[in-house]
Each structure stands twice: as C-alpha cells, then as structure tokens.
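Here's the structure, in structure tokens; my notes come after.
In structure tokens:
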C-alpha cells in the first residue's frame with residue numbers, strides 16, 4: 242500500500258513539473274509573438290523569418306506533446322489509485338513503467 246501511495250505521489254509531482262514546462266513554453270511563445278512588431282517581422286530576411294516560424298512550430302509541437310504526456314500521467318494516476326483498493330502493487334508498477342504505462 243505504501244508503494245502504491247508513493248507511486249501516486251510521484252505521478253502527481255511529475256504532472257506538476259511538466260505542467261510548469263508547458264506553461265513556460267506557451268508563455269515564451271506568446272511573449273515572442275506579441276512583442277515582435279509585425280512591420281519589423283516583414284522587414285527581416287526570408288531565412289530569418291523561416292527560422293522564426295519553424296522555431297515557433299517546433300515549440301508549439303513540444304508543448305502539445307508535453308500536454309499529451311500530462312494527460313497520460315493523469316490517466317495512469319487514476320488507474321494506480323484504483324490499485325490501492327486491491328493492494329495490487331505489481332499492477333500499479335505495470336501501469337507506470339510497463340508496456341501500457343506512461
């Protein structure tokens with residue numbers, strides 16, 4: 242039971258950290274987009290504009306993947322919590338690290 246409780250706490254802490262990463266990433270993207278004057282953006286060389294757009298797309302993709310990971314952690318945490326009733330630590334371990342785990 243202690244193992245399952247500790248695993249649940251671990252998943253909560255992991256989700257909190259990743260949520261912070263997502264928030265910081267989105268904030269950086271939004272600050273970049275809102276503080277960059279549009280007329281200066283059009284005056285930049287094409288290569289620099291292309292790199293900027295690719296960078297924003299990559300950052301948004303990373304943010305979306307982090308968000309999906311947080312969803313997976315949340316679902317795993319719910320399933321691990323259900324293991325508390327049965328005391329099945331092996332299944333809790335499998336949910337977190339196994340083939341179907343996060």
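Numbering (our numbering), first residue to last: 242 to 343. C-beta: ideal position from N, C-alpha, C; glycine also.
| Check | Outcome |
| --- | --- |
| Are residue 248 and residue 321 touching if we call contact CB-CB under 7 Å? | yes |
| Which word fits residue 298, buried or exposed, when buried means at least 16 other C-beta atoms lie within 10 angstroms of its C-beta? | exposed |
| Is residue 273 buried or exposed, if buried means 16 or more other CB atoms sit within 10 Å of its CB? | exposed |
| If residue 259 and residue 304 are in contact, beta carbons under 8 Å, what's the gap, nearest whole angstrom? | About 10 Å separates the two Cβ atoms, so there is no contact after all. |
| From the DSSP output, in three-state form, read off residue 336 for me. | helix |
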